[in-house]
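Engineer:
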Ligand code: SF4
Ligand code: SF4
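Residue numbers (the numbering used here), protein chains in the order written: chain W, 1 to 710; chain Y, 711 to 975.
(1) Can you say whether residue 501(W) is buried or exposed, counting buried as having 16 or more other CB atoms within 10 angstroms of its CB?
(2) For a contact meaning CB atoms closer than 8 Å, what does residue 955(Y) contact in chain W?
(3) Is residue 878(Y) helix, strand or coil by DSSP?
(4) Quick one: grab the DSSP three-state call for residue 711(Y).
(5) Express the C-alpha separation of residue 385(W) and residue 757(Y) in angstroms, rounding to a whole number.
(6) Using only the alpha-carbon positions, how far apart do residue 131(W) and residue 645(W) sit?
(7) Using the beta-carbon count (16 or more within 10 Å), is residue 349(W) buried or exposed?
(8) So, is residue 672(W) buried or exposed, given that buried needs 16 or more other C-beta atoms within 10 angstroms?
(9) Examine ligand 3 and report whether any of its heavy atoms sits within less than 6 Å of the Cβ of residue 362(W).
(10) At a threshold of 6 Å, does residue 282(W) count as lining ligand 2 (C-beta to nearest heavy atom)?
(11) Using a Cβ cut-off of 8 Å, pull out every chain Y residue sitting near residue 642(W), in sequence order please.
(12) Is residue 520(W) close to ligand 1? I mean its beta-carbon at under 6 Å from any heavy atom of the ligand.
(13) Would residue 891(Y) count as contacting chain W if we go by Cβ distances under 7 Å?
(14) Quick one: measure Cβ to Cβ for residue 712(Y) and residue 766(Y), integer angstroms, because I've assumed they're closer than 8 Å.
(15) In three-state DSSP terms, what is residue 418(W)?
(16) Can you pull the chain Y neighbours of residue 394(W), defined as C-beta to C-beta under 8 Å?
(17) Determine the DSSP secondary structure at residue 570(W), reduced to helix, strand or coil.
(18) Which of helix, strand or coil does DSSP assign to residue 713(W)?
(19) Run through DSSP, which three-state label would residue 681(W) get?
(20) List the DSSP bridge partners of residue 742(Y).
(21) Flag residue 678(W) as yes if its beta-carbon sits less than 7 Å from any beta-carbon of chain C, otherwise no.
(22) When the distance is taken between beta carbons, is residue 498(W) closer than 7 Å to residue 899(Y)?
(23) For residue 894(Y), which of 731(Y), 742(Y), 739(Y), 753(Y) has the nearest alpha-carbon?
(24) Hey, could you find the ends of the beta strand (DSSP E) residue 859(Y) is sitting in?
(25) Tell me, please, whether the CB atom of residue 25(W) is closer than 7 Å to any CB atom in chain Y?
(26) Is it the case that the CB of residue 374(W) approaches a heavy atom of ligand 1 more closely than 6 Å?
(27) Alpha helix (DSSP H) containing residue 504(W): first to last residue?
(28) So is the beta-carbon of residue 215(W) under 6 Å away from any non-hydrogen atom of ligand 2?
(29) Mind listing, in chain order, the continuous beta strand (DSSP E) runs of no fewer than 3 residues lying wholly within the region 244 to 295 of chain W?
(30) My parser needs the alpha helix (DSSP H) runs of 4 or more residues fully inside the region 168 to 206 of chain W; what are they?
(31) If you reduce the DSSP assignment to three classes, tell me which class residue 552(W) lands in.
(32) Residue 930(Y) and residue 803(Y) look like a contact to me (Cβ under 8 Å); what is the Cβ gap, rounded to whole Å?
(33) Does the distance between the C-beta of residue 755(Y) and the nearest non-hydrogen atom of ligand 2 fall short of 6 Å?
(34) Residues in its own chain within less than 6 Å of residue 570(W) by CB, not counting five upstream and five downstream?
(35) Is the shortest distance between the beta-carbon of residue 850(Y) and the beta-carbons of chain W less than 7 Å?
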């Protein structure tokens, strides 16, 4: 016991009250852990340094919250107050032990500093709380839920902070200034002449209100969104470290397993922890293009839904584990309520339509301050619907069958895979032919054309432009032609893991036959699947996206650009170009600079960025297999993006993905701007001015087929 | 309710390649169950599922031995087993022979209904089902858009060019199925895995009683075929498509004008 503590009436009562609350808190956490123990295992443990780095960046520095500076400051003030004030409570709960230890070195300087910090943080937190409350009551951003418990908790935190300030003030008035607590000392000095009896009463009351509120908070915490106070560190530490674009691997031969996610029991314990940790901040909801266009999907609702199922399942668990003790409301057998854990996630955590609305753009994942993974869960639910129940929008049956039977979602014969090469003034070698001629090792890079560029008329022109760039740079490349099959990306994202694995195995067999050189593709979806997902099946290749590849050809000097000013006087004026970042290229795979570098190499271009660019890009609406579904709910996602494109006023839109190309061209046409803005792939912008770096200044790569097309 | 579905393995539509002798190059294509037969299978599965005393669906096909893989796709959808009549001697058989062989195979099976697609996407003759019905003396209910069995009888809504007719017959009967019956389901993974273990009974010519056919002078095999393909030419490529652009209202106007000019509306 310290001198300060001795001033508090019934100070010793704080010890059992505090430890009692800690015990209750612990029991509640144990109950969460028991549900987590009852669901599927997961092992997110390897690579400790990266995990610790994530904790520092996301949980301690909270970088994602500072994307909105004011909200970030508000949250940080409350966070700091929470950490600092807890030292005072811990001290009270240990009969002054904490203070005794901390105040021991340097003549109490550390404790004094702590008191100062507590003072400052408390004031800042009060301001933060007022801001938080005002936002919910006045500006009301849609992403924030206003519920009774949210308001109650905000008041509770307010009471904790105010009572702390009060208690310190009255203490200073009664017993003289406390070292370090400058703010409350000053306030206390104003009260020294007040009635001592009253001051004593107020001191006792505020001190005890503080302790009581902290203990209430502690007990309440695990049942609310404020559990993130305790769980966020763990949630961030246990984050997904695999490439974000790699959906979880899946064993299709495990015959008695549930395939995909059907009920709470099929989630991994990390998914349950995600649910328990969600702060309901709604940043994911705000970022979601499906939600923004009025569709039933809300990523926040899914995560909150998982929490609700978890807490309901917990009603079957005794607070104190064991069959005999417990309170009346609970079931007899002390196990997670099977009725609840057996409820399908579809209809209970997310609606059927919402499951299929997702474009797997990853904006939610990118936004979540707790690094919660929404997409893996949504696709997990799709997997269950497709593989076990055969329940999916009827229109995708055609794509499923086409991928299974013709190895491409367009349902085109493999024999048409080289049609895009027709009319090119140079030959596009096919790997099989080179292998027959024993010239396999001549190939510098394998151009993975992808189904879109092989079968879609508009995207065939992109293939021709890219091949032209390779040809001009003197790159020895080859294509697989008939041997190429869809990578399986659409199948996998639509939940059809069976067809995906069939295609993946087939392609890997083809690759292994030739021991492939580096692979380059102009499709971010192919790129993501080849680079990030094929390793799950033993296919590890050096895969590049064509924008990166072109950027490196330019950087190494193998490719150069003709100076348009010298070549054509009319082109002298800078052309404004806006660039649409593809979700799978930029957000998932963090390739932000390469397409910009290529554009910049074309001298006369001025880049007009949209506000949603880079990793904050906005989806075109085609990802996650949505390319193969009609968009019937809400407004169209491509229309929303088109709006942003038009806002830049740029007459040229650059893309780096065949699906974005299709969606945005459609969007522009629908907006009646089809002939005001031309949509061109980055390679198509480069090809007309590309010249060989070795013979810089000589012939241009311009070809009739690569001219700007609307 | 026991239903036999005639399920013909065919090259996936759009991929067919003809050999020099105008027969299908089966090596070069993916095989699937004939589209209309899949509709027949779907209708059969629904009838069995709805039947109070259960039952099962059996697939029957006459095809080369490797068609087993294709039949598994039908088993994955829910058929209980399959019978595959396969014999090198059958290669190149015509529709008449096929009808005799399938009829002979059906004589060894018990069933309340036989359902087949109205025609197949490879041969396209559309006569085998009727032939089988005739050979077995079964009522033949064609172009079914709806099938309603009750009390030993079956009622079929038959599509006609001007509407539909309602036909009724005692069971067993043979029905030819149209796509109006409803799109086939997509197999579940459990269905696909389970299909690996389902039985495919292999029958050769020696196992079947074709005495009736022989008595009528019908022989099997390409050499004895009553009809053969003697020429083939791909369809001339269609004209260049006209792409309609502009606002929905303008586009609609343009389409209407286009059609009106050609007196199509
Ligand atoms: S991935 Fe995109 S569409 Fe899907 S829930 Fe997240 S933000 Fe919404
Ligand atoms: S999932 Fe993440 S972003 Fe969405 S509400 Fe919860 S904490 Fe916020």
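All C-beta atoms, glycine included, are put in the ideal place defined by N, C-alpha and C.
Structural biologist: Based on what the coordinates show:
(1) Within the first chain, the letter at position 501 stands for residue 501(W). Flag for residue 501(W) reads buried.
(2) As a working mapping, residue 955(Y) is identified with position 245 in the second chain. By Cβ distance, chain W contributes 669, 674.
(3) Position 168 of the second chain, counted from the first residue, corresponds to residue 878(Y). Three-state result, residue 878(Y): strand.
(4) Numbered from 1 along the second chain, position 1 holds the residue referred to as residue 711(Y). Of the three classes helix, strand and coil, the one that applies to residue 711(Y) here is coil, per DSSP.
(5) Here residue 757(Y) refers to the residue found at position 47 when the second chain is read from its first residue. Here residue 385(W) refers to the residue found at position 385 when the first chain is read from its first residue. Between residue 757(Y) and residue 385(W), the C-alpha separation is close to 24 Å.
(6) Walking along the first chain from the start, residue 131(W) turns up at place 131. Walking along the first chain from the start, residue 645(W) turns up at place 645. For residue 131(W) and residue 645(W), the distance between alpha carbons rounds to 34 Å.
(7) Counting from 1 along the first chain, the entry for residue 349(W) is found at position 349. Per the 10 Å Cβ criterion, buried.
(8) Your numbering for residue 672(W) matches position 672 in the first chain. So residue 672(W) ends up on the exposed side.
(9) Within the structure as shown, ligand 3 is missing, the only ligands being ligand 1 and ligand 2.
(10) The sequence position of residue 282(W) within the first chain is 282, counting from 1. Within the cutoff, so yes.
(11) To locate residue 642(W), count along the first chain from 1; it is residue 642. Ordered by position in chain Y, no residue passes the 8 Å Cβ test against residue 642(W), which lies about 15 Å from the chain.
(12) Residue numbering aside, residue 520(W) sits at position 520 when the first chain is read from its first letter. No, the Cβ of residue 520(W) stays beyond 6 Å of every heavy atom of ligand 1.
(13) One-based indexing of the second chain puts residue 891(Y) at position 181. Not an interface residue.
(14) The residue you call residue 712(Y) lines up with position 2 of the second chain. The residue you call residue 766(Y) lines up with position 56 of the second chain. About 6 Å; that satisfies the 8 Å criterion.
(15) Taking the first residue of the first chain as 1, we reach residue 418(W) at position 418. Residue 418(W): coil per DSSP, three-state reduction.
(16) Start at 1 with the first residue of the first chain, and residue 394(W) comes out as number 394. Ordered by position in chain Y, the residues that pass the 8 Å Cβ test against residue 394(W) are 893.
(17) Locating residue 570(W) in the first chain gives position 570, counting from the first residue. Reliability of the predicted coordinates at residue 570(W) is poor, the pLDDT of 49 falling under 50, and no value is obtained from them.
(18) With chain W represented from 1 up to 710, any question about residue 713(W) goes unanswered, as that position is not in the structure.
(19) Numbered from 1 along the first chain, position 681 holds the residue referred to as residue 681(W). Here residue 681(W) sits in strand by DSSP.
(20) Numbered from 1 along the second chain, position 32 holds the residue referred to as residue 742(Y). DSSP, once it has assigned bridges, lists 720(Y) as partnering residue 742(Y).
(21) Absent from the structure: chain C. Protein chains present are W and Y.
(22) The residue labelled residue 899(Y) in the question sits at position 189 within the second chain. The residue labelled residue 498(W) in the question sits at position 498 within the first chain. Yes, these two residues count as a Cβ contact at 7 Å.
(23) Here residue 894(Y) refers to the residue found at position 184 of the second chain. The option with the nearest alpha carbon to residue 894(Y) is 753(Y).
(24) Walking along the second chain from the start, residue 859(Y) turns up at place 149. Counting along the chain, the beta strand (DSSP E) containing residue 859(Y) begins and ends at 850 to 860.
(25) Translated into the one-based positions of the first chain, residue 25(W) becomes position 25. False, the Cβ-Cβ gap to chain Y never drops below 7 Å.
(26) As a first step, residue 374(W) is located in the first chain; it is residue number 374 there, counting from the start. Yes, ligand 1 has a heavy atom inside 6 Å of this Cβ.
(27) As a first step, residue 504(W) is located in the first chain; it is residue number 504 there, counting from the start. That run of the alpha helix (DSSP H) goes 497 to 514.
(28) Position 215 of the first chain, counting from 1, holds the residue named residue 215(W). Because no heavy atom of ligand 2 lies under 6 Å away, the Cβ of residue 215(W) does not count as near it: no.
(29) none
(30) 182 to 191
(31) Residue mapping note: residue 552(W) aligns to position 552 of the first chain, counting from 1. Residue 552(W) falls in the helix class under three-state DSSP.
(32) As a working note, residue 930(Y) is residue 220 in the second chain. As a working note, residue 803(Y) is residue 93 in the second chain. Right, their Cβ atoms sit about 6 Å apart.
(33) Locating residue 755(Y) in the second chain gives position 45, where the first residue counts as 1. No.
(34) Along the first chain, read from residue 1 onward, the residue named residue 570(W) stands at position 570. Because residue 570(W) carries a pLDDT of 49, less than 50, the predicted location of this residue cannot be relied on, and the following value inherits that uncertainty. Around residue 570(W): no qualifying Cβ.
(35) On the second chain, position 140 is the one that residue 850(Y) refers to. No - not a single Cβ of chain W is within 7 Å of the one on residue 850(Y).
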